[in-house]
Amino acid sequence: MKPAGVILAAGLSSRMGSPKALLPLGATTFLGSLIDAFTAVLPQTTVVLGSRAEEIQATIVPRPGLRIVVNPDYEQGMLTSLQTGLRTIPVGAPAVFTLVDHPGLRPASLTALVEAFEQQSPLVLIARYRGERGHPVLLDPAVAAEILALPPDASAKTVVRSHRPETVFVDLDDPAVTLDIDRPEDYERLSARLGSEQADRR
């Protein structure tokens, strides 16, 4: 069964000062770039919203296979948002999730991850760029079930780490894997880099 996607976009974005989901990225936004990649590759994708959900949802263009859910407990932490998304995954399907502060993933990168997961059948598969692990992360249904059973004050990382021997890392030539935009200065550096790349292509 093909993996189903989860994009986590429920956080407060307190360090950024405005919703990261709505930050411009080229001709789209952080969230828009991820929706484009996920829906191009996966049969189902769920976007989990929380803080300023109505404002963000108003910018999302409906498309086949895309579902929007709101986590009412988003202030309790990221785990509750991940659990909200995992509950929408079809029974028996693996899950592939990422965070909205890791925008710009290429569809080809996601395709490579899905193919590696299908070929190797690990319990956990993690994208890596230049030796550094990042996102997306793919989870076998059994691992997703373990995460769903965690209490709200726990961390999904403890479950992922417990399966280190059954984890596969896939190296991708895609800097979005380790891109992590938390503060305005992070976004300024990203904008400068994108502007430079566009100038080089002229």
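Residue numbers for the sequence shown follow the numbering used here, so the first one is -14 and each next one is one higher. Note that beta-carbon positions come from the ideal geometry of N, C-alpha and C, so glycine has one too.
So what does residue i bridge to, in DSSP terms?
i, result
"residue 9", "14"
"residue 114", "117"
"residue 35", "37"
"residue 80", "-11 and 124"
"residue 53", "32"
"residue 109", "124 and 152"
Got a sec? Which residues, its chain only, sit under 6 Å from residue i by beta carbon, not counting five neighbours each side?
i, result
"residue 61", "137"
"residue 164", "87"
"residue 145", "109"
"residue 184", "No answer about residue 184 holds up, because its pLDDT of 35 lies below 50 and its placement is not dependable."
Alpha carbons only, please: which of the options is nearest the one belonging to residue i?
i, options, result
"residue 89", "158, -5, 103 and 144", "158"
"residue 195", "93, 24 and 169", "A question about residue 195 goes unanswered here, because the residues of the chain that appear run from -14 up to 187."
"residue 112", "94, 144, -8 and 105", "94"
"residue 153", "-14, 103 and 177", "103"
"residue -9", "92, 142 and 68", "68"
"residue 151", "-13, 124 and 140", "124"
"residue 148", "45, 57 and 108", "108"
"residue 18", "120, 92, 58 and 101", "92"
"residue -13", "139, 140 and 101", "101"
Check residue i in the structure and name its three-state DSSP category.
i, result
"residue 64", "helix"
"residue 74", "coil"
"residue -12", "coil"
"residue -3", "coil"
"residue 48", "coil"
"residue 197", "No statement about residue 197 is possible, as the shown extent of the chain runs from -14 to 187 and does not include it."
"residue 30", "strand"
"residue 152", "strand"
"residue 185", "With a pLDDT of only 40 at residue 185, under 50, the local geometry of the prediction cannot be trusted, and the value read off the model is given with reservation. Residue 185: helix per DSSP, three-state reduction."
"residue 85", "coil"
"residue 138", "coil"
"residue 166", "coil"
"residue 43", "coil"
"residue 171", "helix"
"residue 3", "coil"
"residue 58", "coil"
Please list, in chain order, all residues of the same chain as residue i whose beta carbon is under 8 Å from its beta carbon, the five residues on each side excluded.
i, result
"residue 13", "21"
"residue -11", "27, 28, 29, 30, 31, 73, 74, 75, 78, 79, 80 and 81"
"residue 41", "-6, 4, 6, 7, 16 and 34"
Taking 7 Å as the limit between beta carbons, can you name the residues of its chain near residue i, skipping five residues before and five after?
i, result
"residue 160", "114"
"residue 173", "none"
"residue 97", "155 and 157"
| query | Are the segment 53 to 71 and the segment 4 to 19 touching by the rule of at least three beta carbon pairs closer than 8 Å? | reply | no
| message | So, does the segment 62 to 72 touch the segment 123 to 136, judging by three or more C-beta pairs under 8 Å? | response | yes
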